[in-house]
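Position 116 of the sequence shown, counting from 1, maps to 123 under our numbering, and the rest follow consecutively.
Backbone N, C-alpha and C fix where the C-beta goes; we use that ideal spot for every residue, glycine too.
Notes follow once the structure below has been shown.
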Amino acid sequence: MANGRKKIAVIGAGNVGATCAFVMAQKKLGDIVMLDIYEGFAKGKALDMSQNAQILNFDGNITGTSDYADIAGADVVVVTSGFPRQPGMSREDLIGKNADIISQVGEGIREHAPDSIIVMVTNPLDLMTYHMWKVTGFPKERVVGQAGILDSARMTHFVAKAVGCNEEDVSAMVLGGHGDTMVPLPRYTTCGGIPITQLLDADTIEEISARTA
């Protein structure tokens, strides 16, 4: 951007998208553009966030829009748009609905932010990341999913609560896709350098693994 700051677009101004935008603004990662298909929705949230700038000590711009032209020049595009999971649904149950949404989003990104890096959040994550790559035709290194970091963070939280330690002392490892096939690895998950298999009983570890997935 002309002001020397990075431009970050967030597609989808729901709970995940708005939270993501707010955290990035607080961390001063760049100027944020939130886009949502509902006219005025992203603008309202952006205004609420911007009014906290002085209190929370950030000076980046946060704007809202429903026009893909406003993401032009974005360095990074975070895609959170899509239907969320409902109780009893697997991530894979969302394939049909969210594939159509990602097709539209991908076309908008391809046209208006062709040099951006895309970070996918929409579920089912692995499939939607692949679909976005196909729709945009971007190089594979410019279309990535957030997957493992979220799963490992979730496991870290559950382990810390079970052990009674600080989350910063936990090192968790989760492999595989962001879905029912993910594999938490308790033997390689530690608290203060000690494997949790030495700190927690088998039933507790199994419960943590199930909740992580």
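Of the residues Q61, P146, R218, I212, the one placed nearest D158, counting alpha carbons only: The alpha carbon of D158 has as its nearest neighbour, out of Q61, P146, R218, I212, the alpha carbon of R218.
Beta strand (DSSP E) runs wholly inside the segment 137-199, at least 3 long, in chain order: 150-152
Euclidean distance between Cα positions of D3 and A20: The first residue shown for the chain is 8 and the last is 220, placing residue 3 beyond what the model contains.
CA-to-CA distance, L132 to H138, given in whole angstroms: For H138 and L132, the distance between alpha carbons rounds to 10 Å.
Closer than 9 Å to chain C by CB, L36: Here there is only one protein chain, and chain C is not present.
D43 versus V17, M189, A106, residue with shortest Cα-Cα distance: V17
Buried versus exposed, by CB contacts within 10 Å (16 or more), V30: exposed
With 16 other Cβ atoms within 10 Å as the buried cut-off, status of I62: exposed
Inter-residue spacing [alpha-carbon to alpha-carbon] between T204 and R194: Distance between the alpha carbons of T204 and R194 is about 6 Å.
Option nearest S110 by Cα separation, candidates V83, L206, L134: L134
Among R12, G11, I39, the one whose alpha carbon lies nearest that of G24: I39
Alpha-carbon to alpha-carbon, A106 and P94: Those two C-alpha atoms are separated by around 20 Å.
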